[in-house]
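Protein sequences, first through last, are from chains F and S. Per the numbering used here, the very first residue in the first sequence carries number 1; after that it's consecutive. Per the numbering used here, the very first residue in the second sequence carries number 1; after that it's consecutive. One structure is given below, encoded as structure tokens.
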Amino acid sequence: MAEPLLEVRNITKLFGSVIALSEVSARVYRGEVTCLLGDNGAGKSTLIKILSGVYRPTEGQYLFEGKSMSFRSPREARELGIATVYQDLALLPLMPIWRNFFLGSEPQKSWGPLRAFDVASARRRVREEMAKMGIDIRDPDQAVGTMSGGERQSIAISRAVYFGAKVLILDEPTAALGVRQAGMVLHHIVHAKRRGLGIIFITHNPNHAYPVGDHFVVLRRGRVLSDCRKDQITQQELINLMAGGQDLLKLQRELEEAQTAGNAEAAGV
Amino acid sequence: MANSTSSSTAPVPLKTDERIVRVGFFQGLFRQPEIGALIGAIVVWVFFAIIAPENWISVNGVARILDSSSTLGIMAVAVALLMIGGEFDLSAGVMTGTTGLIAGMLAVKAHVNIWLSILISLAFALAVGYVNGLIVVKTRLPSFIVTLATFFVLRGANVGVTRLMTEQVLVGGIDRTAGFGAARLLFNTEFSLLGATFRTVTIWWIVITIVATWFLQRTRYGNWVFAVGGDANAARNSGVPSDRVKIALFMVTSTAAWLVGMMSIVRLRSAVASEGIGQEFIYIIAAVIGGCLLTGGYGSVVGASIGAIIFGMARVGIVFAGWDTDWFYSFLGIMLLAAVLVNNATRRRAEAVSVAAAKARTEKEEET
Numbered sequence: 001m002a003e004p005l006l007e008v009r010n011i012t013k014l015f016g017s018v019i020a021l022s023e024v025s026a027r028v029y030r031g032e033v034t035c036l037l038g039d040n041g042a043g044k045s046t047l048i049k050i051l052s053g054v055y056r057p058t059e060g061q062y063l064f065e066g067k068s069m070s071f072r073s074p075r076e077a078r079e080l081g082i083a084t085v086y087q088d089l090a091l092l093p094l095m096p097i098w099r100n101f102f103l104g105s106e107p108q109k110s111w112g113p114l115r116a117f118d119v120a121s122a123r124r125r126v127r128e129e130m131a132k133m134g135i136d137i138r139d140p141d142q143a144v145g146t147m148s149g150g151e152r153q154s155i156a157i158s159r160a161v162y163f164g165a166k167v168l169i170l171d172e173p174t175a176a177l178g179v180r181q182a183g184m185v186l187h188h189i190v191h192a193k194r195r196g197l198g199i200i201f202i203t204h205n206p207n208h209a210y211p212v213g214d215h216f217v218v219l220r221r222g223r224v225l226s227d228c229r230k231d232q233i234t235q236q237e238l239i240n241l242m243a244g245g246q247d248l249l250k251l252q253r254e255l256e257e258a259q260t261a262g263n264a265e266a267a268g269v
Numbered sequence: 001m002a003n004s005t006s007s008s009t010a011p012v013p014l015k016t017d018e019r020i021v022r023v024g025f026f027q028g029l030f031r032q033p034e035i036g037a038l039i040g041a042i043v044v045w046v047f048f049a050i051i052a053p054e055n056w057i058s059v060n061g062v063a064r065i066l067d068s069s070s071t072l073g074i075m076a077v078a079v080a081l082l083m084i085g086g087e088f089d090l091s092a093g094v095m096t097g098t099t100g101l102i103a104g105m106l107a108v109k110a111h112v113n114i115w116l117s118i119l120i121s122l123a124f125a126l127a128v129g130y131v132n133g134l135i136v137v138k139t140r141l142p143s144f145i146v147t148l149a150t151f152f153v154l155r156g157a158n159v160g161v162t163r164l165m166t167e168q169v170l171v172g173g174i175d176r177t178a179g180f181g182a183a184r185l186l187f188n189t190e191f192s193l194l195g196a197t198f199r200t201v202t203i204w205w206i207v208i209t210i211v212a213t214w215f216l217q218r219t220r221y222g223n224w225v226f227a228v229g230g231d232a233n234a235a236r237n238s239g240v241p242s243d244r245v246k247i248a249l250f251m252v253t254s255t256a257a258w259l260v261g262m263m264s265i266v267r268l269r270s271a272v273a274s275e276g277i278g279q280e281f282i283y284i285i286a287a288v289i290g291g292c293l294l295t296g297g298y299g300s301v302v303g304a305s306i307g308a309i310i311f312g313m314a315r316v317g318i319v320f321a322g323w324d325t326d327w328f329y330s331f332l333g334i335m336l337l338a339a340v341l342v343n344n345a346t347r348r349r350a351e352a353v354s355v356a357a358a359k360a361r362t363e364k365e366e367e368t
């Protein structure tokens, strides 16, 4: 197998006496989706923050393109092409799509000493880029706040892809969405993957993870419970892992619900 | 979801598409933040045109309105930029007095060259703007409170220092200093056009409005201003230097106050300690009438200038109508409320239209 694009080895993170993560290893390859699953409190958020450069691990190695990394800020990680799309998306609801899309990296044109924001090009390029993701924007002037949750996720994802992300870390992108909208986001994940990005998809929903994932890392109480490829696990087993296999009666109920949702999801994707 | 128009059930999506295009046109018109102010300005103009047509509809009437709106307009433009950036500056009004007093006292009492006095005054304004901004971004306190403190400090110092230096509450005789004529020419002089007397302040105001609009709409810094006002944290996450943008906006406001301070002293030939007090709310109101949201992240510089024109029209219109000027503020209150209601209604309508368009599109997605 080729060298992983991004890899963490035996990461441990302590907050005072609290062990948030203990010897966690995970990796993502180019053109593949690694799903990071875990219930609340499993350590997903801590791991995302380490991957995106917000925290530094107490122990363990962080490798990007084969080189050992120690980020001082999320900006450093982003400049190398490790883009994180957080749940709040860093979008401004009152601003039009094109202003949001290019925020912080506005295309410019010069008039002698004056440098202007190339608005016409921004409007055109945002349509082109969104079209590549399979989204047809009729009006780039539409305020982002008036768009649906799935559409907003799509803008945030295509923005990261456009600005040269090699690794895309998606923090629960489907959490607040309905079935149809979640399907749309999963569709974009597959799109970005086909463009050769390595994707780390954080979720607590195995039904969202299984259709798009190539690898599954299940976290539980700060430890890796399971790390396997798609051909090594079925959707059912993944759901079982998530539930922990402890309370069987409770699990049975959850399974039935998940099955129904899963069927609807499969029809949606 | 993208190419739903190319699906086999052609008639239905086509119909929906037509509707979206039609809605898009009105949406574009009503989505402009200044549309409410423009409607308000037309209403006020027509109102006085009916009540006092002979004075109102004349070149002289226009000149009077512009004279009355200009310095307010310059401040409203700067305050609008700051408000779009998510902050207030309550020291902006008193600052017009402080900068005038500094330049006046240096020139008259300390016999400093008038141009040097003006530059020192500018340096002071920039420093106060910087400190205002720095405190706001470092402490994360509301700028309302921070600049309220600056307001009181400057208000006290204006009277205190002036009385100490001159044993009066004004600095007179600025017109007797060397170079006054040139300063007057630069900042605030009169000229005739079509038989009426206009002031260069109006030209300053128009140029500033155009430059500020270009800056806000057509430069990356303008994009950053909208972003820091909408959500400074999200802006920072996108690589915008949020703190620097906010500090710069406070400095823009204090520089505008300096400019207006200079315009005031060359016109009055003296600097008055009470100058500008109470004006800070007028600036904010003009910006709000012009479509700026009090919560930041949305607004228009042109709208703020139109807001200033509404004020100017009210001030001049009351005189032309022969009413007691005591009623000015009552009239202003009614105008403010009316303008804000119009503003609110148009914005709601624009939002409702946008939401309807988004809903129509989502429904279409569900169908395919």
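Glycine is no exception: its CB is placed at the ideal position from the N, C-alpha and C atoms. Predicted, not measured: the structure shown is a model, and the values here were computed from it.
Beta-carbon separation (whole angstroms), residue i vs residue j, contact threshold 8 Å
| i | j | result |
| --- | --- | --- |
| D227 (chain F) | V217 (chain F) | 5 Å |
| G299 (chain S) | G290 (chain S) | 7 Å |
| L103 (chain F) | R152 (chain F) | 14 Å between Cβ atoms; not a contact. |
| S52 (chain F) | A77 (chain F) | 6 Å |
| D171 (chain F) | I19 (chain F) | Going by Cβ atoms, the distance from D171 (chain F) to I19 (chain F) rounds to 22 Å, so no, they are not a contact pair. |
| A273 (chain S) | L154 (chain S) | That belief does not hold up - the Cβ atoms of A273 (chain S) and L154 (chain S) are roughly 11 Å apart, past 8 Å. |
| V8 (chain F) | S22 (chain F) | The Cβ separation is near 13 Å, so there is no contact. |
| M262 (chain S) | F187 (chain S) | 5 Å |
| V288 (chain S) | V340 (chain S) | 7 Å |
| I169 (chain F) | A83 (chain F) | 7 Å |
Residue environment, residue i, which counts as buried when at least 16 other CB atoms sit within 10 Å
| i | result |
| --- | --- |
| T197 (chain S) | exposed |
| T295 (chain S) | exposed |
| G262 (chain F) | buried |
| P53 (chain S) | exposed |
| A42 (chain F) | buried |
| D231 (chain S) | buried |
| Q87 (chain F) | exposed |
| R22 (chain S) | Caution is warranted here: a pLDDT of 44 is assigned to R22 (chain S), below 50, making its placement in the model unreliable, and the coordinate value is therefore given only provisionally. Looking at its Cβ environment, which holds fewer than 16 other Cβ atoms inside 10 Å, R22 (chain S) is exposed. |
| Q168 (chain S) | exposed |
| I203 (chain S) | exposed |
| F117 (chain F) | buried |
| G245 (chain F) | Low confidence applies to G245 (chain F): its pLDDT is 49, below 50, so where it sits in the model is not reliable, and the reading given next is rough at best. G245 (chain F) should be labelled exposed. |
| T139 (chain S) | exposed |
| K44 (chain F) | buried |
| P173 (chain F) | buried |
| T9 (chain S) | Here the model assigns T9 (chain S) a pLDDT of 33, short of 50, so the residue's position is not dependable and the matter cannot be decided. |
| W258 (chain S) | buried |
| T234 (chain F) | exposed |
| D324 (chain S) | exposed |
| G283 (chain S) | It should be noted that the sequence gives Tyr, not Gly, for residue 283 (chain S). Buried, because 16 or more other Cβ atoms sit within 10 Å of the Cβ of Y283 (chain S). |
Residues that residue i bridges to, as DSSP identifies them
| i | result |
| --- | --- |
| F117 (chain F) | F:Q108 |
| L193 (chain S) | S:A196 |
| C228 (chain F) | F:F216 |
| G38 (chain F) | F:L219 |
| Y86 (chain F) | Y86 (chain F) is not bridged to any residue. |
| G198 (chain F) | F:V167 |
| Q61 (chain F) | F:R9 |
| I19 (chain F) | F:L14 |
| A232 (chain S) | Its beta-bridge partners do not exist; DSSP assigns none. |
| V94 (chain S) | Its beta-bridge partners do not exist; DSSP assigns none. |
| V28 (chain F) | F:L6 |
| L170 (chain S) | S:V272 |
Check: residue i C-beta below 7 Å from any heavy atom of the ligand COA
| i | result |
| --- | --- |
| D88 (chain F) | Among the components modelled here there is no ligand, and therefore nothing to report on the ligand COA. |
Validate contact between the region 90-102 of chain F and the region 172-185 of chain F using beta carbons, cut 8 Å, 3 pairs: no
Near-chain F residues of the region 218-229 of chain S (beta-carbon distance less than 9 Å), N- to C-terminal order: R218, T219, R220, Y221, G222, N223, W224, F226, A227, G229
Chain-ordered residues of the region 97-120 of chain F with a beta carbon less than 8 Å from chain S: R99, F102, L103, G104, S105, E106, Q108, R115, A116, F117, V119
Chain-ordered residues of the region 234-261 of chain S with a beta carbon less than 8 Å from chain F: From the region 234-261 of chain S, only A234, A235, N237, S238, G239, V240 have a Cβ closer than 8 Å to chain F.
Members of the region 281-298 of chain S that neighbour chain F once the beta carbon cut-off is set at 8 Å: L293, G297, Y298
Inter-stretch contact at 8 Å, needing at least 3 Cβ pairs: the region 76-95 of chain S / the region 248-256 of chain S: As far as the Cβ criterion goes, the region 76-95 of chain S touches the region 248-256 of chain S, which means the pair count is three or higher.
Touch test, the region 300-319 of chain S against the region 34-41 of chain S, Cβ-Cβ under 8 Å, three pairs minimum: Between the region 300-319 of chain S and the region 34-41 of chain S there are three or more inter-stretch CB-CB distances shorter than 8 Å, so the stretches are counted as touching.
Contact the region 205-225 of chain S vs the region 142-160 of chain S: 3+ CB pairs below 8 Å: no
Three or more C-beta pairs below 8 Å linking the region 99-119 of chain S and the region 46-64 of chain S: no
Cβ contact (3+ pairs, closer than 8 Å) linking the region 81-100 of chain S and the region 261-280 of chain S: yes
Residues, ordered as in the chain, of the region 54-81 of chain S that lie near chain F by beta-carbon distance below 8 Å: none
The region 184-194 of chain F / the region 131-149 of chain F touching (three or more Cβ pairs under 8 Å): yes
Stretch pair the region 240-250 of chain S + the region 121-138 of chain S: three plus CB contacts closer than 8 Å: yes
Against chain S: residues of the region 161-185 of chain F by CB proximity under 7 Å: Within the region 161-185 of chain F, the qualifying residues are R180, M184.
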